[in-house]
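Trainee:
4 protein chains.
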Amino acid sequence: MPGSSLGKLFTVTNFGESHGPAIGCVIDGCPPGMALSEVDIQPDLDRRKPGTSRHVTQRREEDRVEILSGVFEGKTTGTPIALLIRNEDQRSKDYGTIAEAFRPGHADYTYWQKFGVRDYRGGGRSSARLTAPTVAAGAVAKKWLQARFGVAVRGYLAQLGPNRIAFESWDAVPANPFFAPNASVVAALEAYMDQLRKSGESCGARINVVASGVPVGWGEPIYDRLDAAIAHAMMGLNAVKGVEIGAGFASVEQLGTQHSDEITPQGFLSNNAGGILGGISTGQDITVSIAIKPTSSIRLDRRTIDQAGEPVVINTHGRHDPCVGIRATPIAEALLALVLIDHALLHRAQCGDVALPTRAVPARATGVPLTPAPQADDPEPLEA
Amino acid sequence: MPGSSLGKLFTVTNFGESHGPAIGCVIDGCPPGMALSEVDIQPDLDRRKPGTSRHVTQRREEDRVEILSGVFEGKTTGTPIALLIRNEDQRSKDYGTIAEAFRPGHADYTYWQKFGVRDYRGGGRSSARLTAPTVAAGAVAKKWLQARFGVAVRGYLAQLGPNRIAFESWDAVPANPFFAPNASVVAALEAYMDQLRKSGESCGARINVVASGVPVGWGEPIYDRLDAAIAHAMMGLNAVKGVEIGAGFASVEQLGTQHSDEITPQGFLSNNAGGILGGISTGQDITVSIAIKPTSSIRLDRRTIDQAGEPVVINTHGRHDPCVGIRATPIAEALLALVLIDHALLHRAQCGDVALPTRAVPARATGVPLTPAPQADDPEPLEA
Amino acid sequence: MPGSSLGKLFTVTNFGESHGPAIGCVIDGCPPGMALSEVDIQPDLDRRKPGTSRHVTQRREEDRVEILSGVFEGKTTGTPIALLIRNEDQRSKDYGTIAEAFRPGHADYTYWQKFGVRDYRGGGRSSARLTAPTVAAGAVAKKWLQARFGVAVRGYLAQLGPNRIAFESWDAVPANPFFAPNASVVAALEAYMDQLRKSGESCGARINVVASGVPVGWGEPIYDRLDAAIAHAMMGLNAVKGVEIGAGFASVEQLGTQHSDEITPQGFLSNNAGGILGGISTGQDITVSIAIKPTSSIRLDRRTIDQAGEPVVINTHGRHDPCVGIRATPIAEALLALVLIDHALLHRAQCGDVALPTRAVPARATGVPLTPAPQADDPEPLEA
Amino acid sequence: MPGSSLGKLFTVTNFGESHGPAIGCVIDGCPPGMALSEVDIQPDLDRRKPGTSRHVTQRREEDRVEILSGVFEGKTTGTPIALLIRNEDQRSKDYGTIAEAFRPGHADYTYWQKFGVRDYRGGGRSSARLTAPTVAAGAVAKKWLQARFGVAVRGYLAQLGPNRIAFESWDAVPANPFFAPNASVVAALEAYMDQLRKSGESCGARINVVASGVPVGWGEPIYDRLDAAIAHAMMGLNAVKGVEIGAGFASVEQLGTQHSDEITPQGFLSNNAGGILGGISTGQDITVSIAIKPTSSIRLDRRTIDQAGEPVVINTHGRHDPCVGIRATPIAEALLALVLIDHALLHRAQCGDVALPTRAVPARATGVPLTPAPQADDPEPLEA
């Protein structure tokens, strides 16, 4: 398969460009008989869509999704679900320099050299706009995971530039435009973003995602492990430069007794594994953390070259997110959900006749604190 | 495809268990006409094999590879290359507790619950021994990448537990048992490992891998990006908990002007991208960094449960690596090489008729320092 | 991958139902830089579309295709090409019996039992209408094959019910509503069809497809052979019950000296192989023949059961093709083209560095007659 | 994936050459917990192996299979099952002409031109010997299908050259060296073969394969239909030139009322569909028929060219099957079993929660005769 499909059995094929007529995806392999309509999908699209606060791009896109197939009388039929989102705000403009020169940090240079042709309008295929179909497909996956297994997939902003955000509660997340799990930091984040926009700069972010309720047994031993599939999906997202599972990079400095999670009949005593051992889910929370680089589209001058190979100076005006990480939380959730549904199906394909031979260990023993995904450079070992 | 295959067009299918009759792999899709014999493969296997120093497991395995197919009169034929390694040192022993109880941090519990059956001898399928076929296949990939494109894939140990190792030179790497790129740290590493073994503990590690000479244009825009494929391969390796490309997690705290790599006709001015933009190679060094957790097999007591779900205390004696990261360098190199050859083939499949429309930018401008893969918690932005 | 995608590197993912809002497909992996617009695709859709003569269904569908992505300034960009066809004539009606009972020969029973839900409107997903996206994708493949390699893919009706049609010339094919390669039989075919419609019956057909100009070397040795891929694609088409390559079933009664095609420097002396040996193209015409069963939708009474498992009598009124084979020629061409482009890309991925070691043998030696795909029960060995 | 793997979820990767050190395969995705040892596999290998009668090649190969992995304490573990067969009878000889010239009807020319290198020893990779690993894998599939679903996969020789063999009973099949389902024809077949060998000629054959007990619901609507997967597998077998499902090519001349199988609560009234409607199994017998071309290795003179492109005359002495179809029955069974297990797993992946909404219709109503796979040129419609 070429690269625009994600998943082996619940497969999402993504299409579209930022300023073409439409974007969308085809989901193939969805289990039949699940109630589904646009109403199930739109909320996650709305969480991701531009223009929801002054801290994100002001492009106006309603991101209205239309289900073109695969649903009959309100239920999935098991045949491909095509989802269509028309592009609306393709503000006519002169692309001048951008069409001719390669913006540093962008895919301009690599697309051009790979394909010999490049849709430069709004970044074309490399635009973060193309994450909308992923989010739409993820909403379908989330619904099934919740209905069939009680799995919940939730994410939050863990760091915005230099601002680390302590996890306080899931309830805080939808109550601010940053998906921050802590109401007390919101004012500081707003101030930081206002100053950043004023300076013409951009910043990076860290997003944590957690899947709760995943049964033990999803995943595979070698190569296509569950963690490998998660890493693939996350690193396949624009601007992501790092992925961690569980203790992540902090595990480099842990000792064996600190890292490995002890087990009791009452539950695991820690979760450095991030819910995955040997590529297979343990039944604990699956915890993932990703690093998102600062937006490359900034209005400050940068050195680059043009198509002729000549040096030029470029800066990028227009409507851009000063931190693409702000809108990344629903996308990361969608990606994790897509990986999980795929592995749920893979697991029952091969092991559908296996009855759990030992009673499942609870996700955590009483008294063990909630452990959202850690931060790599946390000075303390996670559970110490 | 089930999970035991890696790559779409240069596909490695891995088989075997630690204490079964043999391990090995089948490579399908290798380009024909390349000179190949066991002599090309054995050196990388020897770099990975156990027993090479007192700091790694003392299991005695020669890891002799036999080419069973796909080579005729010393050349690859384009048909599957089967590689076989017989297991030799399957020391007969009483697996007692290990057969009945689940070692914390190991795949024992997840395999058992997934499959309802588990080869507990030496970890069975979850043993790090199963990386040998990956290394063997990687040697084939490396040879082709070097011969066809001049690509070199090299790795080194960047951190051993708390000991960070400054990159000094590639020449140092083969000269010590740690793959450390710096001769001056070796004595300290040896002392650290000796103390660790004495204490019964284990430690984590960080490995950096760099591919030089990769042409611009390998990779894809969405989902199966080159960085996504790398993350998948690396996170699919036993004990890996984190993957970074380029600046990795350090990019969270970078500003836009710090992160995005400016371009001049003389070369890129930095490499925070780690050689990949928009999922496609830029022509710069591809830099990858991975976190390896501490070995879970330690001889100190750990709480766990047995197959009946009852609490037990377990400790693991026998021949184990106190830091699996020490032998991980050749494996990480192999994985990167396998991803690269796959994308080299994918690229020429689709874009074989594209002539580079703009002269390729050199990997780095004169005076820009060599940039091996960074460390996430580097206090300074990478190129500042 | 679930089943709705065709091809490994030039991958077509099909979606839609007969009476849903739209049908279409996404092509992933198309080589970049090829001029493409709706004008290239519409003609083949028009050849397939309903209502073009009194011998096919009278449903009115313009089958207007819209390119939603993957084309920029008139050229393919190498990113997914989404093709959309809105359904227009979804005549509101009472589906009564059809919604409740399973039409013999149709997919009603199997869809219902597999998925537990079934879009019964016009056959839903099992409608021949879903071949339109295949034809659209095939037009893209055909254009590239012609432009890049000079490959021509052409088909014709070889038999209509009991009426065998001798191949006369390609020029005749577009000049009649049957795709018959012989003008002299058209009147008889029309009379046959008129009588068939009057009787309420339906009939089967045989379609032959030929690809000329395919270079030697496309295909693979084992399992995914070129002929296997063709058989897969053809048997994946609604109503197809048999597939032959070259001499097909006639080869059962051939002797070794009759079947195997001798080679001379001036060309092959026959083409019983149908252009494929050992799963790889020879450079001769690739000749394929398929059997299409009679339409199952007939207005004569048939015994069946309903959803409750009770016996009922059913007959199917409405707008149906009395012979689906009549419109199958452009579809079979599209399928062959899709297989060929896929193997063209696969071949250059693996063997892009192989220079033809021996001068290619011409497709046929002078004086050897043109050999369109044979008929299985031809009493004479093909080239005798 | 390159071409040497068959199946999506139960995936067989084949390796080896006729005269290399070994042949074999890796099965990935086998359900865990099934009792398995070499004893389950060897009988089918023995049915296929050379030298069992004077009518097949006299090469001496015991075809002893060794299980290298994936089985622990007599049960499948769910991890890859590697099967190894050492080549024993690689009679040292001078390949002279064969090494330099291309045998008509063989893959010599196409392999050479595709890969630029060719293992000419015994046909190398294109040898029918490479069907042994397929048979071995098929035995595993058969065992699971039988144990889990009561599915039986059986085949027989339906035609040998001009000799059509009426189906008499399954019991006759193992009682003669031809797999003929009719004891009364055996003497005639032996006489025919003796005369054929004497003349230096070879002949074709037709094999029918039937799977009984397949539940309703396996397969998919578009492209990767169950019949498409069967056609792919069968046409991927050496020497196969045609594939039919159910009525096959006979359906071309059937009328709608003759072809479509009526349904009653007591069972289907005929089986022209061959057990598949809309790409999905109906619960009836799945009936498949394949055409096998005459062996190309004959000792009579044939015109061809050599590697320099010069005309030469070639003839093939040595140990060859005068009719490869004779040993093809167990191979065709294996291929059908491999397709079925794959679709069994695919089905429960997606539709594992669907409870059969309507009671399954019996395979056939009382009084409806047994219908093994038909012959294309049967003058009478199948059930008339």
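If you're matching them up, the sequences are chains A, B, C and D in order. Per the working numbering, the first sequence starts with residue 117, numbered consecutively. Per the working numbering, the second sequence starts with residue 117, numbered consecutively. Per the working numbering, the third sequence starts with residue 117, numbered consecutively. Per the working numbering, the fourth sequence starts with residue 117, numbered consecutively. By construction, the Cβ of each residue, glycine as well, lies at the ideal position given by its N, Cα and C atoms. This structure is a prediction, so every number in the text was calculated from the model and none was measured.
Assign G266/A to one of two classes, buried (16 or more other C-beta atoms within 10 Å of its C-beta) or exposed (fewer than that).
Mentor: Here residue 266/A corresponds to residue number 150 of the first sequence, with the count starting at 1. G266/A should be labelled exposed.
Trainee: Can you list, in chain order, the residues of its chain whose CB lies under 6 Å from that of D144/D, leaving out five sequence neighbours each side?
Mentor: Position 28 of the fourth sequence holds residue 144/D. Within the same chain, D144/D has close Cβ partners T127, P196.
Trainee: Leaving out the 5 sequence neighbours to the left and right, which residues in its chain are closer than 7 Å to I447/D when beta-carbon positions are compared?
Mentor: What you label residue 447/D is simply residue 331 of the fourth sequence in a count that begins at 1. So the list reads R164, T247, T250, V251, L353, once near-sequence residues are dropped.
Trainee: Within a Cβ cutoff of 6 Å, which residues of the same chain sit near A288/D, ignoring the five residues on either side of it in sequence?
Mentor: As a working mapping, residue 288/D is identified with position 172 in the fourth sequence. Within the same chain, A288/D has close Cβ partners P297, N298, A299.
Trainee: Going by Cα to Cα distance, which pick from L122/C, W286/C, D417/C, H171/C is closest to V276/C?
Mentor: Start at 1 with the first residue of the third sequence, and residue 276/C comes out as number 160. The question names Val, yet the displayed sequence has Leu at residue 276/C. Nearest option by C-alpha distance: H171/C.
Trainee: Counting contacts by CB-CB distance shorter than 8 Å, is G271/D in contact with chain C?
Mentor: Sequence index remark: in the fourth sequence, residue 271/D carries index 155 (1-based). Not an interface residue.
Trainee: So, is the C-beta of P118/B closer than 8 Å to a C-beta in chain C?
Mentor: Against the second sequence, residue 118/B aligns to sequence position 2. So no, P118/B is outside the interface.
Trainee: Just by C-beta distance, which residues in the segment 450 to 474 of chain D are closer than 8 Å to chain A?
Mentor: Result list: L461, L462, R464, A465, Q466, C467, G468, D469, V470.
Trainee: Can you find the residues in the same chain that come closer than 7 Å, C-beta to C-beta, to G240/D, ignoring five residues on each side of it along the sequence?
Mentor: For the purposes of this step, residue 240/D is identified with residue 124 of the fourth sequence, where counting begins at 1. Counting only Cβ-Cβ distances below 7 Å, and skipping sequence neighbours, we find E133, S134, R234.
Trainee: List the residues of chain A that P148/D touches, going by C-beta distances under 9 Å, in chain order.
Mentor: Within the fourth sequence, residue 148/D is the residue found at index 32, counting from 1. Going along chain A in sequence order, the residues near P148/D (Cβ under 9 Å) are Q466, C467, D469, V470.
Trainee: With DSSP as the reference, label C141/B as helix, strand or coil.
Mentor: Walking along the second sequence from the start, residue 141/B turns up at place 25. Looking at C141/B - three-state DSSP - the assignment turns out to be strand.
Trainee: For L125/B, return the contacting residues in chain C, with the cut-off set at a CB-CB distance below 9 Å.
Mentor: Reading the second sequence from its first residue, position 9 is the one you call residue 125/B. Chain C residues near L125/B: K124, L125, L462, A465, Q466.
Trainee: Using only the alpha-carbon positions, how far apart do T403/C and A349/D sit?
Mentor: Sequence index remark: in the third sequence, residue 403/C carries index 287 (1-based). Sequence index remark: in the fourth sequence, residue 349/D carries index 233 (1-based). For T403/C and A349/D, the distance between alpha carbons rounds to 19 Å.
Trainee: Taking only beta-carbon atoms, is P446/B less than 8 Å away from chain A?
Mentor: If you number the second sequence from 1, residue 446/B lands on position 330. No, no contact with chain A.
Trainee: In chain order, which alpha helix (DSSP H) runs of at least 4 residues are fully inside the segment 233 to 270 of chain B?
Mentor: Whole alpha helix (DSSP H) segments, 4+ residues: 247 to 265.
Trainee: Between which two residues does the alpha helix (DSSP H) carrying T213/B extend?
Mentor: Residue mapping note: residue 213/B aligns to position 97 of the second sequence, counting from 1. Note, T213/B: alpha helix (DSSP H), 212 to 216.
Trainee: Name the DSSP beta bridge partners of F384/D, please?
Mentor: Along the fourth sequence, one-based indexing puts residue 384/D at 268. DSSP lists I379/D as partners of F384/D.
Trainee: Give the secondary structure of L161/D by DSSP, where H, G and I count as helix, E and B as strand, and everything else as coil.
Mentor: Here residue 161/D corresponds to residue number 45 of the fourth sequence, with the count starting at 1. It is helical.
Trainee: Compute the distance between the beta-carbons of I157/B and A255/B, then report whether it is under 8 Å.
Mentor: On the second sequence, position 41 is the one that residue 157/B refers to. On the second sequence, position 139 is the one that residue 255/B refers to. A contact, by the Cβ cut-off of 8 Å.
Trainee: What is the rounded straight-line gap between the Cα of A220/C and the Cα of R419/C?
Mentor: Position 104 of the third sequence, counted from the first residue, corresponds to residue 220/C. Position 303 of the third sequence, counted from the first residue, corresponds to residue 419/C. In the sequence as presented, Ala is not what sits at residue 220/C; that position holds Pro. Distance between the alpha carbons of P220/C and R419/C: 8 Å.
Trainee: Chain D partners of D144/C, CB-CB under 9 Å?
Mentor: Here residue 144/C corresponds to residue number 28 of the third sequence, with the count starting at 1. Ordered by position in chain D, no residue passes the 9 Å Cβ test against D144/C, which lies about 14 Å from the chain.
Trainee: List the residues of chain B whose Cβ lies closer than 9 Å to the Cβ of G232/A, in chain order.
Mentor: To locate residue 232/A, count along the first sequence from 1; it is residue 116. Correct list: C467, D469, V470, A471, L472, P473.
Trainee: Please report the straight-line C-alpha distance between L125/B and L122/D, rounded to a whole angstrom.
Mentor: Residue mapping note: residue 125/B aligns to position 9 of the second sequence, counting from 1. Residue mapping note: residue 122/D aligns to position 6 of the fourth sequence, counting from 1. Straight-line Cα distance between these residues: approximately 15 Å.
Trainee: Alpha helix (DSSP H) containing L461/C: first to last residue?
Mentor: The count along the third sequence starts at 1 and reaches residue 461/C at position 345. Looking at the DSSP string, the run of the alpha helix (DSSP H) that includes L461/C is 445 to 467.
Trainee: Give the DSSP-derived three-state secondary structure of T226/A in the structure shown.
Mentor: For the purposes of this step, residue 226/A is taken as the residue at position 110 of the first sequence. Three-state result, T226/A: helix.
Trainee: Looking at the secondary structure, which residues open and close the alpha helix (DSSP H) in which I88/B lies?
Mentor: A query on residue 88/B cannot be resolved here, the shown segment of chain B reaching from 117 to 500 and no further.
Trainee: Roughly how many angstroms separate the alpha carbons of N130/B and V142/B, rounded to a whole number?
Mentor: By 1-based counting over the second sequence, the position of residue 130/B is 14. By 1-based counting over the second sequence, the position of residue 142/B is 26. Going by the C-alpha atoms only, they are around 7 Å apart.
Trainee: Name the DSSP beta bridge partners of G335/A, please?
Mentor: Here residue 335/A refers to the residue found at position 219 when the first sequence is read from its first residue. Per DSSP, I396/A.
Trainee: By DSSP, does I442/B sit in helix, in strand, or in coil?
Mentor: On the second sequence, position 326 is the one that residue 442/B refers to. It is helical.
Trainee: With a 10 Å radius around its C-beta and 16 neighbouring C-beta atoms as the bar for buried, classify P147/A as buried or exposed.
Mentor: By 1-based counting over the first sequence, the position of residue 147/A is 31. So P147/A ends up on the buried side.
Trainee: Can you check which of these residues, G483/D, E369/D, I421/D, G468/D, is closest to Q382/C by C-alpha distance?
Mentor: Position 266 of the third sequence holds residue 382/C. Cα-wise, what sits closest to Q382/C is I421/D.
Trainee: Quick one: Cα of H433/D to Cα of A407/D, how far?
Mentor: Indexing the fourth sequence from 1 puts residue 433/D at position 317. Indexing the fourth sequence from 1 puts residue 407/D at position 291. Going from the Cα of H433/D to the Cα of A407/D covers about 25 Å.
Trainee: Mind checking the segment 168 to 197 of chain A against chain D and listing, in chain order, the residues whose C-beta falls within less than 7 Å of any C-beta there?
Mentor: Those would be G194, T195, in chain order.
Trainee: When DSSP builds the beta bridges, which residues end up paired with A198/D?
Mentor: Within the fourth sequence, residue 198/D is the residue found at index 82, counting from 1. Answer is V142/D, bridged to A198/D.
Trainee: Helix, strand or coil: how does DSSP classify S367/A here?
Mentor: Within the first sequence, residue 367/A is the residue found at index 251, counting from 1. It is helical.
Trainee: Is P337/B close to chain C? Criterion is C-beta to C-beta, closer than 8 Å.
Mentor: Taking the first residue of the second sequence as position 1, residue 337/B is located at position 221. Chain C, which has a Cβ nearer than 8 Å to the Cβ of P337/B, makes this yes.
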